[in-house]
């Protein structure tokens, strides 16, 4: 028995999110079926991030324990032969039997993409939120600086968050946020941190876009964070603009 | 009666090409329906480029004569309200009653995209040809120089080309070709010229990729052009990697 770690990319458009749901097409369900076809085993999959419906990934992590004799570093190539075009495993390796993708320190990088063109870009319509209108990138960059660092992110989390409901901490550390792009084109917001609450990146992206249009000032972020109240921050940006770009584990 | 020129973008994935075909979903058919809903008129559309099934566009041109009182420069916004997500008009204006998008001197720019990663990129799977393996970009750039300029492009055209069958000239002028990107990522081939034969850009892209893998040497291009024989050039690269990027009319 070996524990295999797969790094998984997917186009979230045609999935009802990552986590298995009976009767719905999910990333985990499709991976389960492919691994069952490949190994003949009914494997328990553990995913690092249960991305929402419509969210994309270049680097989600999945582990499972298998009796298969396929060499660990070739596992991703083997499973790709059983996967549809919109999910692919991009790397694989063996990890310690107790290694867990959600209980291991890591740095996650998310990318949010907004299409600022007046007419929505047909090619990016599945991979960016359409957000036309005048946007000041400089103000967004200024606001992003206030979000970086360690804060209580209650104002930037969906109140339905299981962690918050159970009285868990909303304190997280954002390592950095990079806002790039230009008015009339694709604006990208890269957010890197050690952990994220439910909808946190989408609320950060929506709030920064609200700063870009002038609805909020960059300095308003300080009061939003202090308020610990979801209604004080900006809108939740659409799922289709969000990419889980990379997860770097510390061990 | 006014002649309106529309600049049209589309994701070619779910279309059977540009030109109307009974019972099939085509770009021209979808535009016709939207314009009929908008104006109540059954309009004759004239397209600049009859792109193949699967080919994308950021700048195809369509003209039609209408009695509509919608201001010409706002026509694209009006028609967009009737168009599906995968076709959008990005500009519109009035042109002279005899202006014709295929009989007016122009410079067309095409972009070809190849995904050189070992595992196909899930997000680019509809917008790039998967072409894994070692590719030398420098050799492709060298070969591209031999294609630039005025030549007889019979070797780089589908023999089913109506123009060639009718004894028309295969002489065309390529203004420039830019090859960019890096091994393991997306390779782009931009081809700009005053006119193109059937499948010409896809055969140029396939031939340059064949040079990249070492199947041909850059200098072989000279003999290929001289041969005026399709079997001497490289493969026809897949439609889904091709974008009609822009058409610039000289008047």
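Residue numbers (my numbering), protein chains in the order written: chain B, 7 to 257; chain P, 7 to 257. Just so you know, even glycine gets a beta-carbon here, dropped at the ideal spot from N, CA and C. Since we're looking at a predicted model, the values are computed, not measured.
So that I know if they touch, is there some Cβ in chain P lying closer than 8 Å to that of residue 15 of chain B? yes
Does the Cβ-Cβ distance between residue 236 of chain B and residue 175 of chain B come in under 8 Å? no
When the cut-off is 8 Å and only beta carbons count, does residue 62 of chain P lie next to chain B? yes
Cβ shell of residue 238 of chain P (< 6 Å), same chain only, five flanking positions each side left out: 161 and 230
Which whole-angstrom value is the C-beta distance of residue 18 of chain B and residue 26 of chain B, which I expect to be below 8 Å? With 8 Å as the limit, residue 18 of chain B and residue 26 of chain B do not qualify as a contact, their Cβ atoms being about 15 Å apart.
Cutting at 8 Å between CB atoms, please list the residues of its own chain near residue 245 of chain P, excluding the five before and the five after it. 18, 58, 59, 60, 61 and 208
When burial is assigned at 16 or more other CB atoms within 10 Å of the CB, is residue 241 of chain B buried or exposed? exposed
At 7 Å on the CB atoms, spell out the chain B contacts of residue 92 of chain P, in chain order. 128
With residue 148 of chain B as the anchor, note down where its alpha helix (DSSP H) starts and where it stops. 143 to 153
Residue of B:142, B:8 and B:86 minimising C-alpha distance to residue 221 of chain B: B:142
On the DSSP bridge assignment, give the partners of residue 99 of chain P in chain order. P:11
Can you check DSSP and say which residues form a bridge with residue 275 of chain B? No answer is possible for residue 275 of chain B: the residues shown for chain B start at 7 and end at 257.
Are three or more beta carbon pairs between the stretch 91 to 111 of chain B and the stretch 178 to 193 of chain B nearer than 8 Å? no
Name the two residues that bound the continuous beta strand (DSSP E) containing residue 220 of chain P. Where residue 220 of chain P is concerned, there is no enclosing beta strand (DSSP E), given that its DSSP letter is neither H nor E.
How would you label residue 55 of chain P, buried or exposed, when you count the other beta carbons within 10 angstroms and need 16 or more for buried? buried
Please list, in chain order, the residues of the stretch 125 to 152 of chain B that have any C-beta partner in chain P closer than 7 Å. 125, 126, 128, 129, 131 and 133
To the nearest angstrom, how far is the alpha carbon of residue 156 of chain P from that of residue 178 of chain P? 6 Å
Quick check on residue 86 of chain P: does DSSP put it in helix, strand or coil? helix
Let me know if residue 114 of chain P comes out buried or exposed under the rule of 16 or more other beta-carbons within 10 Å of its beta-carbon. buried
Cβ neighbours of residue 86 of chain B in the same chain (closer than 8 Å, five flanking residues each side left out): 94 and 95
Taking a contact to mean a Cβ-Cβ separation below 8 Å, would you say residue 78 of chain P touches residue 132 of chain P in this structure? no
Along chain B, in chain order, which residues have C-beta atoms closer than 9 Å to that of residue 76 of chain P? What residue 76 of chain P touches in chain B: nothing, since even the nearest Cβ is about 16 Å away.
Taking its Cβ as the centre, do 16 or more other Cβ atoms sit within 10 Å of residue 92 of chain B, making it buried, or is it exposed? buried
Between residue 219 of chain B and the ligand ATP, is there a pair consisting of the residue's CB and a ligand heavy atom that are separated by less than 7 Å? The ligand ATP is not part of the structure shown, which contains no ligands of any sort.
Is residue 243 of chain B closer than 8 Å to residue 203 of chain B when the C-beta atoms are compared? no
DSSP has residue 112 of chain B in a bridge; who is on the other side? B:255
Hey, residue 121 of chain B and residue 134 of chain B: beta-carbon distance below 8 Å or not? yes
Show which residues of chain P have a CB atom less than 7 Å away from the CB atom of residue 86 of chain B. 125
So, at 6 Å on beta carbons, what are the nonlocal neighbours of residue 233 of chain B in its own chain, with the 5 sequence-adjacent residues on each side left out? 161
Any beta-carbon of chain P closer than 8 Å to the one on residue 192 of chain B? no
Identify the contact partners of residue 96 of chain B in chain P, using a Cβ-Cβ distance below 7 Å as the criterion. 125
Which residue's Cα is closest to the Cα of residue 144 of chain B: B:51, B:158 and B:219? B:219
Buried or exposed for residue 127 of chain P, going by 16 or more other Cβ atoms inside 10 Å? buried
Cβ distance (whole Å) where residue 197 of chain B is taken to contact residue 210 of chain B below 8 Å: 6 Å
Would you decide whether residue 106 of chain B is buried or exposed? Buried here means 16 or more other CB atoms lie within 10 Å of its CB. exposed
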